[in-house]
Amino acid sequence: MAEAKMSREERERREIVEQKNREKREQEAYLKKLRQQIKADKEERMNGILNNSMEQNQKAKSALHQTDMPSSVSNSAGCRIQCKFSDGSTLIHQFASTDIFSQLIEIIKKDGRQGDDFYIVQMYPRREFPDITQTFAELGLTPSATVLVLSVNLYSFISCTFYCFYGLKMSSRISKFKNTSKIMFKYFW
């Protein structure tokens, strides 16, 4: 009897040990499967991030390419131009996209706020408009744009300031006002 009791206890211990070993193997298999799933999720996220960043880079490049080509014609039929004057006032006017840039100059002259001697620049992207015979669409000002209307003296002053402090080249218009700018900047030369 004692032998039967001991063999039964021995069997129960083996069964308990086997059950613990089985549970341990199942737990390890579950953890291994979980780690593989986490690894797969990370790879999927990284691929998604890389694909997303590549798409964003392509979109940014195409947008940059489009802004580099201001002469490309827009499909917009109308053009809204906002002119900002040096005194802080604004003038907003609607044009057809096929109208020429010189019409804007005539409207600014008729407005009378700036006088007859002024210069028109666009701040972003930074550019000037030397050819006033082009249309608003050819200049890339459709469907809307904001331009600065500066007096020639103020433009000369600003350009000279940039030249003095930042080493930028002065445009040919500034050479007309060299004496004026030397007087204004006599402490810098």
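Heads up: the sequence shown at position 161 corresponds to 162 in the numbering used here, and the numbers run straight through without jumps.
For glycine and all other residues, C-beta sits at the position ideal for the given N, C-alpha and C.
Remember, predicted model here, so these are calculated numbers, not experimental data.
Cross-strand partners of residue i (DSSP beta bridge)
{"i": "K85", "result": "T91 and L149"}
{"i": "G79", "result": "A97"}
{"i": "E129", "result": "V122"}
Opening and closing residue of the beta strand (DSSP E) in which residue i lies
{"i": "F119", "result": "F119 to Q123"}
Endpoints, the alpha helix (DSSP H) within which residue i is located
{"i": "F1", "result": "This structure gives no information on residue 1, because the portion of the chain shown stretches from 2 to 190."}
{"i": "Q104", "result": "S103 to D112"}
Beta-carbon separation (whole angstroms), residue i vs residue j, contact threshold 8 Å
{"i": "S77", "j": "S103", "result": "The Cβ separation is near 20 Å, so there is no contact."}
{"i": "Q115", "j": "S152", "result": "6 Å"}
{"i": "F137", "j": "F96", "result": "6 Å"}
Residue i classed as buried or exposed, judged by whether at least 16 other C-beta atoms fall within 10 angstroms
{"i": "L105", "result": "buried"}
{"i": "A61", "result": "exposed"}
{"i": "I50", "result": "exposed"}
If we count Cβ pairs, one from each stretch, closer than 8 Å, do we get three or more for the stretch 82 to 89 versus the stretch 137 to 147?
yes
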